[in-house]
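Residue numbers (our numbering): 6 to 482. Note that the Cβ used here is the ideal one computed from N, Cα and C, for glycine as well.
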Amino acid sequence: MSKNMLKFVSLEKQMPAKREAELRREDFQEIYEEFSPDKAAEQASRCSQCGIPFCQVHCPVQNNIPDWLSLTASGRLEEAYELSQSTNTLPEICGRICPQDRLCEGSCVIEKGFDSVTIGAVEKYITDTAWENGWVKPNAPMVELDQSIAVIGAGPGGMAAADELRKKGYQVHVYDRYDRVGGLLVYGIPSFKLEKDVVERRAKLLADGGVTFHLNFELGRDATLAELRAKHDAVVIATGVYKARDISLPGSGVDGIVPALDYLTASNRKGLGDEVAAFDSGELNAKGKNVVVIGGGDTAMDCVRTAVRQGAKSVKCLYRRDRKNMPGSLRETRNAEEEGVEFVWLSAPKAFLGDGTVTGVKAIQMHLGIADSTGRQVPVELDGSEYNIPCDLAIKALGFDPEDIPTLFEEPALEVSRWGTIQVNPFTKMTNMDGVYAIGDIVRGASLVVWAIRDGQDAAVSIDVYLKNAVQQSKAS
Ligand code: FAD
Ligand code: SF4
Ligand code: SF4
């Protein structure tokens, strides 16, 4: 082991510097600065180089974390990059937006007694340095194979599958209904977590490697699944989940109550310079408004922090459980609080108030009762504890479900689960239809970028085996 390591006993954990909350409120730029080379090496050197690295076990793409930390600590950054990119298709993106406290860093053994190693920020630093130095190259194959593969959806899952399949030599066609590559990386996640040029340069890299993008192309409108199957040798469905979960409450019909993704997409499009009528009219803009966001997940955190940056008068987040039991990342909650968001814990909405336009949310206080079969305590209403929160914009961030996929794709034979997600063989990612694979949120339900990447990588390996077998069989017959 390098003598540079095991410094956790004398060095404290540090994240890259965070911009002051007052400054962050004014723009949509990322909030963390880049590590300096010395700081990255220093933080990497805190790793104790475990024989069984739990950080790696709990990283969905099984990154070789201890080795690239050791290389970073020794200043061997190009080698660190080569190692890091060998397991992760989008390392600088995961370094920015993985909930590390629930994955790699949350499993780091020195977390017990000392703070964990700063893994995500070092991963981001390694890859950002690689981009600056021109070490990141397109994966154009030496020999192009005859077979072609359709990837439907250009989100992180589709991007990972496309990259891996292209590396193996296949002709890869990515179809997406949006006008840009990136899926929720571009239109869901705000720029203060992930700046858009970080995604754009990845999309360009794929195109430079020979991946063909067909944008503004919607499966179900511009082609059926059967048509794409006839045209390509295999199909990967990576279409994500977009149907917003809703609550039916008295007063739901009034103006000024909007779904989270519509709100975030409008904000992201505006930031990209697009014309967004609903933003300009004020419908999807929090400027000067009292805002209530309903929900406690990462999407709710993104909404409250976007509203702050748009110049809202006040921003409250209404959540029916408490801080300890919220699904959103604690790091993002802290960031939101620093930026001036008020959390209203243990409160659930009972009705929307207003005649024509929303003027408030009637809420009720909750307490946490006994745990259900999942082990989570069930929130229970406290009788007679209703109260009103005035607002002129209410944003519903209650999660997402899949659309009715078989109907949409005109493919009744495609098997879905009782939640509407596509069913796959967990090892091969193949659906019940020969040569049709599915990955990411459309299989898992709303999940994480890094899991979509992992699925894309796994599907590429399976498709390679499937198509090589098909060639063998056709030669034999
Ligand atoms: P998506 O990213 O949803 O991409 C699907 C693509 O398919 C889209 O481009 C869409 O246009 C396209 N598509 C859909 N239907 C069709 C069709 N019929 N024809 C053609 N194209 C189609 N995860 C994290 O790890 N960290 C975070 O901080 C984080 N923050 C989030 C914040 C928000 C607001 C949201 C909504 C999600 C967040 N997530 C986060 C979750 C993460 O974004 C998703 O898990 C991930 O993007 C899923 O990847 P995917 O490729 O399966 O789908
Ligand atoms: Fe951690 Fe995500 Fe990077 Fe894995 S991909 S090391 S979980 S930040
Ligand atoms: Fe290093 Fe922590 Fe991973 Fe152990 S668990 S190898 S200390 S980062």
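Find the nearest neighbour of residue i within the set the options, judged by alpha-carbon distance.
i	options	result
S529	S121, G160, F432 and Q478	The requested residue 529 does not occur in the structure, where the chain is confined to residues 6 to 482.
A305	D279, F284, Y268 and Q90	Y268
P332	L11, V349 and D303	D303
G157	D227, T270 and R250	The question names Gly, but residue 157 is Ile in the sequence shown. It is D227 whose Cα lies nearest to the Cα of I157.
G380	N330, G361 and P411	N330
H178	E128, K201, Q478 and A243	A243
S41	D360, D133, V259 and E343	D133
C396	P431, N93 and V366	V366
S334	G345, R182, G300 and S286	G300
R182	Q67, V349, F222 and G215	F222
F197	L233, Q315 and V429	Q315
Going by the C-beta, is residue i closer than 7 Å to any heavy atom of ligand 1?
i	result
I124	no
K480	no
L190	yes
G445	yes
K198	yes
R182	yes
A243	yes
G193	yes
D238	no
D307	yes
Short check: CB of residue i to CB of residue j, under 8 Å?
i	j	result
I36	N340	yes
N9	A78	yes
K173	D469	yes
A166	A464	yes
G162	D460	yes
V296	V263	no
R336	A353	no
A46	G100	no
F405	S257	no
M164	R207	yes
Y442	S422	no
G215	A145	yes
Shorter than 7 Å, the distance from the beta carbon of residue i to the closest heavy atom of ligand 3, or not?
i	result
P255	no
L233	no
F40	no
F222	no
C60	yes
S378	no
Between residue i and ligand 5, is there a pair consisting of the residue's CB and a ligand heavy atom that are separated by less than 7 Å?
i	result
C113	Ligand 5 is absent from the structure shown, which contains only ligand 1, ligand 2 and ligand 3.
Taking 7 Å as the cut-off, is the C-beta of residue i nearer than that to any heavy atom in ligand 2?
i	result
G100	yes
E337	no
I70	yes
C109	yes
Q54	no
N474	no
Q105	yes
**Report entry** Every unbroken alpha helix (DSSP H) within the segment 22-88, with a cutoff of 4 residues, ordered by chain
**Finding:** 26-29, 42-49, 59-62 and 70-78, all fully within the segment 22-88.
Report task. Report yes or no: do three or more beta-carbon pairs, one from the segment 56-63 and one from the segment 108-122, lie closer than 8 Å? Result -> Touching, per the Cβ criterion.
Query raised in the report: Should the segment 268-282 be called in touch with the segment 372-379, which here means at least 3 C-beta pairs below 8 Å?
Result: Taking a cut-off of 8 Å for Cβ pairs, the segment 268-282 and the segment 372-379 do not touch, as fewer than three such pairs fall below it.
Requested in this report: Please list the segments of the alpha helix (DSSP H) lying wholly inside the segment 398-428, counting only runs of 4 or more residues, in order along the chain.
Outcome: You should have 410-413.
Requested in this report: Pick out the complete beta strand (DSSP E) segments inside the segment 126-180, 3 residues or longer, and give them in chain order.
Outcome: You should have 153-157 and 176-180.
**Report entry** Stretch-stretch touch, CB-based, cutoff 8 Å, three pairs: the segment 386-393 with the segment 239-256
**Finding:** No contact exists between the segment 386-393 and the segment 239-256.
**Report entry** Runs of beta strand (DSSP E) wholly within the segment 169-256 (minimum 3 residues, chain order)
**Finding:** Runs of the beta strand (DSSP E) inside the segment 169-256: 176-180, 217-219 and 239-242.
Requested in this report: Mind listing, in chain order, the continuous alpha helix (DSSP H) runs of no fewer than 4 residues lying wholly within the segment 304-345?
Outcome: Within the segment 304-345, the complete alpha helix (DSSP H) segments of 4 residues or longer fall at 335-343, listed in chain order.
Query raised in the report: Are the segment 47-55 and the segment 8-23 in contact at 8 Å, needing three or more beta carbon pairs?
Result: Output reads yes: the segment 8-23 touches the segment 47-55.
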